[in-house]
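To start, the structure under review is shown below, and the notes come after it.
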Amino acid sequence: MSLLSRLAEEFPNTPPPARMKAALLYAGVQYDPCLAEAGDWAFPNFMPHHLLPGEAPFRGKMQFNVPYLGWFDDDTHVRLRIKRDSPFAIRQTGERRYLLLEGDVPVAPLTFEPRLPWVDLLTRDGTPMRATGLSQHGDMLVLNPAPGCEYFVSPLEGGKSENLSCTFCLYGLPDQRMKPLGQELFQPRLPEVSLDRIADACHHPETHARHLYLVGGSMLDMDQEGERFVQIARRLHEAGLHERYYIACGTGAIPKRRMQEMKDLGVRGACFNLEVWDPAQFARICPGKAKHVGRDRWIRALEEAAEVFGPADVMSAFVGGAELEGEGAMTDPERALESNLECGEYLIPRGIQPVFSLFWKVTGKTRGEEPVYTLENFLRLNEGLAAIRRRENRPINGNFFCKHCAYMQLEPDYDHVVSPIPEAVRTVD
Ligand code: SF4
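Numbering of the sequence shown is given in my numbering, commencing with residue 23 and proceeding in unit increments.
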């Protein structure tokens with residue numbers, strides 16, 4: 023039986039595009055030269071594809087760009103990974119048009135997310151736009167003007183420091199990225215010139231983005247972190263960008279008055295990432311958040327955010343499976359699933375949407391290649407959360423998070439099913 027047929031039997035309450043997307047996230051697609059050719063124009067995967075010895079080179083090369091995102095006709099987006107043993111293949115059918123197959127059975131037509139021109143341009147003072155801290159994820163611009171996270175250098179007595187970063191974090195280490203952005207650790211304010219460049223880049227007419235998500239490394243002092251984000255929000259407001267984008271703040275658990283200041287400056291949503299629901303696992307996986315903020319305060323801040331921004335405009339991201347890996351991890355995947363559904367039962371009725379991405383194995387032969395959660399558990403979790411959202415009449419707000427930017431999560435694919443589902447997105451026998 024094909025993978026999609028089996029998933030259709032086991033998960034009848036999951037929309038077919040969500041089953042297909044989950045299957046692709048896990049199984050990937052086989053390599054085909056049409057993927058190499060699409061590397062000329064598609065938004066590139068951040069790792070080039072490497073051919074194995076014996077495989078036919080592409081234009082004489084053994085490594086080259088391949089597309090990062092598949093884009094289906096119902097707007098389902100999915101991150102593409104090339105896996106040689108995948109049951110899925112992609113074949114070209116026309117100019118920038120392709121077909122996904124499982125075995126030799128057609129599943130759905132698609133194209134790839136194109137590379138956008140703005141990333142190769144310069145701001146007015148000659149800074150490359152991509153060096154302003156901006157990156158694009160589908161139709162979401164992610165702005166990270168202060169990437170260094172202070173949890174990596176949490177002070178101890180005697181002038182020493184300890185690393186209390188989240189155990190899964192690969193991007194918050196304070197490093198040379200901070201310099202051109204003008205970020206100083208323990209200083210909330212950012213140079214105005216950095217914010218001017220960001221405003222310039224966000225003004226580009228061809229970002230094709232609807233959402234602008236503000237993120238950054240954590241500060242130890244939540245009020246200072248709030249001050250930093252208010253400064254950013256003010257500059258975006260002065261530039262009128264709040265009228266063009268749905269702006270959301272992805273900060274830590276900042277004080278309520280800072281949330282209100284941001285709301286007054288046109289910020290419409292908030293996403294304070296708790297990362298892990300279980301209290302003991304939260305303390306193990308997020309020691310900096312646990313020590314400097316605390317789980318109860320974090321949850322309280324999310325509740326305050328729902329009061330300030332409204333119950334359709336608050337999210338919290340979780341890393342599904344992080345609680346199952348490493349020393350002190352939960353040993354039972356069923357318990358992890360239960361815990362994450364308890365998270366949905368608590369947060370969703372309070373106007374806070376938990377959004378789960380996958381945690382990828384960090385040790386062993388398949389590290390970085392396979393998620394800790396099984397495909398079945400990922401779909402069980404998503405079906406359970408979708409059922410709670412339906413019961414509470416609280417769907418994911420598509421202005422905040424949609425099928426176009428959620429290429430590694432499934433929540434919008436349950437709530438925003440394009441109706442009718444395209445004929446081609448069908449179960450194969
Ligand atoms: S708060 Fe955690 S996930 Fe966020 S940047 Fe710091 S260490 Fe990384």
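Ideal Cβ placement from N, Cα and C applies to all residues, glycine included. Quick caveat, the model's predicted, so the values are computed rather than measured.
Outcome for proline 442 when other beta-carbon atoms lying within 10 angstroms are tallied against a minimum of 16: For proline 442, the predicted model reports a pLDDT of 42, less than 50, meaning its position is unreliable; a value from the coordinates is still stated below. Per the 10 Å Cβ criterion, exposed.
Span separating the alpha-carbon of arginine 448 from that of alanine 40: Note that arginine 448 has pLDDT 36, beneath the 50 cutoff, so the model's placement of it is unreliable and no number is given.
Histidine 72 and tyrosine 429 closer than 9 Å at C-beta: No, the pair does not count as a contact, with Cβ atoms beyond the cut-off.
Distance cut 5 Å, beta-carbon to the ligand SF4 heavy atom: residue list by chain order: Cys171, Tyr173, Ser187, Cys188, Cys191, Gly194, Gly239 and Ser240
Cβ-based burial, glutamine 311 [other Cβ within 10 Å; buried from 16]: Looking at the sequence shown, residue 311 is not glutamine but lysine. Lysine 311 sits buried, since 16 or more C-beta atoms from the chains shown fall within 10 Å of its C-beta.
Residue closest to proline 384, alpha-carbon to alpha-carbon, out of Ala327, Met69 and Gly348: According to the sequence as given, residue 384 is valine; it is not proline. Of Ala327, Met69 and Gly348, the residue nearest in Cα terms is Gly348.
Sheet register partners of tryptophan 63 (DSSP bridge): BP columns for tryptophan 63 are empty, so no partner.
CB contact flag (aspartate 435, proline 37, <9 Å): yes
Length of the line joining the Cα atoms of glutamate 283 and arginine 290: 11 Å
Proximity of phenylalanine 251 and glycine 239 at Cβ, strictly below 9 Å: no
Inter-residue spacing [alpha-carbon to alpha-carbon] between arginine 280 and glycine 248: Distance between the alpha carbons of arginine 280 and glycine 248 is about 5 Å.
Coil, strand or helix - phenylalanine 86 by DSSP: strand
Whole-angstrom distance between leucine 46 and proline 109, CA atom to CA atom: Here the alpha carbons of leucine 46 and proline 109 stand approximately 9 Å from one another.
Contact set for isoleucine 254: own chain, Cβ-Cβ below 8 Å, skip 5 residues either direction: Leu165, Pro167, Leu212, Leu217, Ile220 and Leu236
Of the listed residues Ala292, Ala64, Gly272 and Gly350, nearest to asparagine 87 (C-alpha basis): Ala64
Buried or exposed by the 16-neighbour rule on C-beta atoms within 10 Å, applied to phenylalanine 33: With at least 16 other beta carbons inside 10 angstroms of its own, phenylalanine 33 counts as buried.
Inter-residue Cα distance where the pair is tyrosine 173 and methionine 244: 12 Å
Supposed close pair valine 129, leucine 26 - CB separation, criterion 8 Å: 7 Å
Proline 34: first and last residue of the uninterrupted alpha helix (DSSP H) it sits in: Counting along the chain, proline 34 falls outside any alpha helix (DSSP H), and DSSP gives it neither H nor E.
Methionine 162, enclosing beta strand (DSSP E) - first and last residue: 162-165
Alpha-carbon to alpha-carbon, leucine 178 and lysine 387: 36 Å
Residues of its chain near valine 450, where Cβ-Cβ distance is below 7 Å and the 5 sequence neighbours each way are ignored: Unreliable positioning characterises valine 450 in this predicted model, as indicated by a pLDDT of 35, which lies under 50. A coordinate reading is not provided.
CA nearest to the CA of arginine 232, picked from Arg257, Leu263 and Leu242: Between arginine 232 and the set Arg257, Leu263 and Leu242, the nearest pair of CA atoms involves Leu263.
Sheet register partners of arginine 337 (DSSP bridge): Inspection of the sequence shows that residue 337 is occupied by methionine rather than by arginine. DSSP lists Cys293 and Gln375 as the bridge partner or partners of methionine 337.
Where serine 183 falls: helix, strand or coil (DSSP): strand
Beta-carbon spacing of valine 341, alanine 292 below 9 Å: Cβ atoms of valine 341 and alanine 292: not closer than 9 Å.
Cutoff 6 Å; reference arginine 306; Cβ partners in own chain excluding five residues on either side: Gly350
Bounding residues of the alpha helix (DSSP H) (the contiguous stretch that carries glutamate 249): Start and end: 244-260.
Three-state secondary structure (DSSP) of isoleucine 443: With a pLDDT of 40 at isoleucine 443, under the threshold of 50, the modelled position of that residue is not reliable, and the figure given next carries that caveat. Isoleucine 443 sits in coil when the DSSP states are folded into three classes, being neither helix nor strand.
With 16 other Cβ atoms within 10 Å as the buried cut-off, status of glutamate 445: Since pLDDT at glutamate 445 reaches only 40, below the 50 mark, its modelled position is unreliable, and no value is offered.
Beta-carbon proximity check, leucine 432 vs leucine 401, cutoff 9 Å: Yes. Within cutoff.
Given valine 141 as reference, the closest of Pro66, Leu74 and Thr98 once Cα atoms are compared: Pro66
Environment of leucine 74 [buried if 16+ CB atoms lie within 10 Å]: exposed
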